[in-house]
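The structure appears below as structure tokens.
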Amino acid sequence: MSGQGGVVERRVPPEGGVLRLPGITVTVPPQALNLAVRFRLERLNSVPKSPPQDGVFFIQQTLDRQVLGIYRISSSATNFLRPIEIEVKVNPPYKPGSPSVVSAVYIWDGDSYVSSQVPASSETFTQSRLQLGLGAGAGGYPAGLVVVVLRASEASLKATCTEHKGRWTGSSCEKR
Numbered sequence: 019m020s021g022q023g024g025v026v027e028r029r030v031p032p033e034g035g036v037l038r039l040p041g042i043t044v045t046v047p048p049q050a051l052n053l054a055v056r057f058r059l060e061r062l063n064s065v066p067k068s069p070p071q072d073g074v075f076f077i078q079q080t081l082d083r084q085v086l087g088i089y090r091i092s093s094s095a096t097n098f099l100r101p102i103e104i105e106v107k108v109n110p111p112y113k114p115g116s117p118s119v120v121s122a123v124y125i126w127d128g129d130s131y132v133s134s135q136v137p138a139s140s141e142t143f144t145q146s147r148l149q150l151g152l153g154a155g156a157g158g159y160p161a162g163l164v165v166v167v168l169r170a171s172e173a174s175l176k177a178t179c180t181e182h183k184g185r186w187t188g189s190s191c192e193k194r
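Converting from the sequence shown to this note's numbering requires adding 18 to each position, the first position being numbered 1.
Structure representation (structure tokens):
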């Protein structure tokens, strides 16, 4: 496995394999590939395309949000026979009574973003994929996904929602 800093690049055989950087693990299960395929996993400094600013992506509007990680998975394969698994670390170990946080994971496939909200009680978020998006790869690979992990305190999200004349539901900001 080669990798310096925030990049891991390797050929994964049909028997499967794992690519790992701090905060993210990509698992290619056995029999997901017919032949050996090259994969690249890298940590990015910024997102290649900003998510839309709407209720689903409301966490983007909060000034004190934390960017926990921005990662790109690239590959020469777009489709898999069995789903690959992407696991990201989103929250510290849960302690009852600690301030409530909201974490969001955005996955960009080169065309659009999909958002998932993660409760404070979950330390990780896992997504299974049978394909990667065309146009989201880098480093000479056509296919890829970009995974963005953000976190903000619920108090901050509620205050930002109120400033925007909305009502905080505990998971999104509804416009009045």
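Beta carbons: idealized from backbone N, C-alpha and C, even for Gly.
The model shown is predicted, which means the values in this text are computed figures rather than measured ones.
- DSSP places SER134 inside the beta strand (DSSP E), whose first and last residues are 131-136.
- In the displayed model, SER190 falls within coil according to three-state DSSP, outside both helix and strand.
- In this structure, the CA atom of VAL164 is about 14 Å from the CA atom of GLU103.
- In this structure ALA173 is exposed. Its beta-carbon is surrounded by fewer than 16 other beta-carbon atoms within 10 angstroms.
- Counted as a single uninterrupted DSSP element, the alpha helix (DSSP H) harbouring LYS176 occupies residues 172-181.
- Looking at the backbone, the Cα of VAL55 and that of TYR112 are separated by about 37 Å.
- Here the alpha carbons of PRO101 and SER146 stand approximately 6 Å from one another.
- With fewer than 16 other beta carbons inside 10 angstroms of its own, GLU141 counts as exposed.
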